[in-house]
Structures are given as C-alpha cells and as structure tokens.
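In UniProt numbering, the protein residues as written are 1 to 199.
As structure tokens, the structure follows; a few thoughts come after it.
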C-alpha cells in the first residue's frame, strides 16, 4: 500500500495550471471560475472565488485571470501534483468526496503507514460500487507500476543506482524547499522559471 500512496501522490496539478494571461482583453467563455477550483484546498478555493465574485458575464476578465494565475502559481508542488490528474475512481465522485481524498493526501501530519489505511477506509465509505471497482483497479495498476520501476532500478549499475538516489533526493529537496515557501515567494519563483523557459 505504500506504493499506492506514493503513486497517488505522484499522479493526483496540470489541469490546475491556468494559461499565462496575455495583455489582450479576455471575454466570454474563457472567463469565470473553472471546475478545478472545487478540488483546491479551502484557502486557495476561497481566494479564487473572491477574485471572481464581482465579475459580470461579458466584461473583460484579464485582471481576474492574472490574479487566478497568481493563486495557482502559489500552490505547493505537492498539491499541484496531486491535482494534476485525478484517477478514474475520483472523476465521477462529488467535489465533496474529491476534497476528502485530497485533504487526506495533503495532510502531512499523518504518517504514511496510517494514511494508507485511512485512504482505503475513505474509499470503502465514500465510493459507490463502480468507483470502488475503479479504485481497486487503480491500486493494482499502481502496484504493477511500482514493481516495474523497482525491477528497472535493480538492473542499474551501482554507479547509476547511486546517481538515481542522489537525483531523487535532489527532487525531494526541491519539493521541500518549494513547499516551505510562502505562496507569494513560490509564485515569484514559478513566474521566474516560466519566464526563463520562454527566453
């Protein structure tokens, strides 16, 4: 089950990422609160709802889009990864159920060993029969992917294994640093990284 949690943490923010807003006026169907907002943590969801509360259909929404982008840029890497692609068993779940799963995944105070059982208990309590079938399939697929990855790692040379461990540690350190930043600082770093990609 540790494998399941690791893979869920990896796959459950790209549909979160709002495209960078150009300087041209935006109106119409591209304006308004997007469905992904329901899956955000409470603080970020409230911030985005507040941004759009006075918007009137047909008005220019460039400012609202930019402010929404700033909130999204401030999300931690962990939250972005978790929201990137919801597993099939959550796609038909209510936003309340999705929030329960995401809240559990985001809770860093619960040890992983306890979180795994809580995750399974939540699935059994909140998912319908079809969603539970998809959940069980997801668990099987996640375990198969983990076994495949472990098999590939086992075939690496000692030098490559050591390099892999170091690179994995660097990615972990990067995530810890980004998650420790304030939303404003994280947003600034992401904006800088985006501008470097475009340069």
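For every residue, glycine included, the Cβ atom is placed at its ideal position computed from N, Cα and C.
Nearest to residue i by CA position, among the options, is which residue?
i: residue 191; options: 89, 59, 58, 71; result: 71
i: residue 34; options: 52, 42, 43; result: 52
i: residue 32; options: 97, 113, 55, 42; result: 55
i: residue 93; options: 194, 124, 77, 50; result: 124
i: residue 96; options: 168, 42, 152, 114; result: 42
i: residue 172; options: 136, 77, 114; result: 77
i: residue 183; options: 120, 63, 57, 75; result: 75
To the nearest angstrom, how far is the alpha carbon of residue i from that of residue j?
i: residue 38; j: residue 178; result: 23 Å
i: residue 45; j: residue 79; result: 13 Å
i: residue 164; j: residue 87; result: 27 Å
i: residue 40; j: residue 102; result: 8 Å
i: residue 222; j: residue 175; result: The requested residue 222 is not part of the displayed model; the chain covers only 1 to 199.
i: residue 60; j: residue 30; result: 10 Å
i: residue 152; j: residue 161; result: 10 Å
i: residue 149; j: residue 156; result: 11 Å
i: residue 187; j: residue 65; result: 15 Å
For residue i, which residues in the same chain have their Cβ closer than 7 Å to its Cβ, ignoring the five residues on either side in sequence?
i: residue 7; result: Confidence in residue 7 is poor, its pLDDT being 41 and thus under 50, which makes the residue's placement unreliable; the coordinate value appears in the next sentence. If we look at residue 7 and ignore the five residues flanking it on each side, its Cβ neighbours are 142, 145, 146.
i: residue 47; result: 71
i: residue 128; result: none
I think residue i touches residue j, with their Cβ atoms under 8 Å apart; what is that distance to the nearest whole Å?
i: residue 89; j: residue 122; result: 11 Å between Cβ atoms; not a contact.
i: residue 189; j: residue 196; result: 11 Å between Cβ atoms; not a contact.
i: residue 126; j: residue 100; result: 6 Å
(message) So, does the region 51-70 touch the region 93-111, judging by three or more C-beta pairs under 8 Å?
(response) Segments in contact, no.
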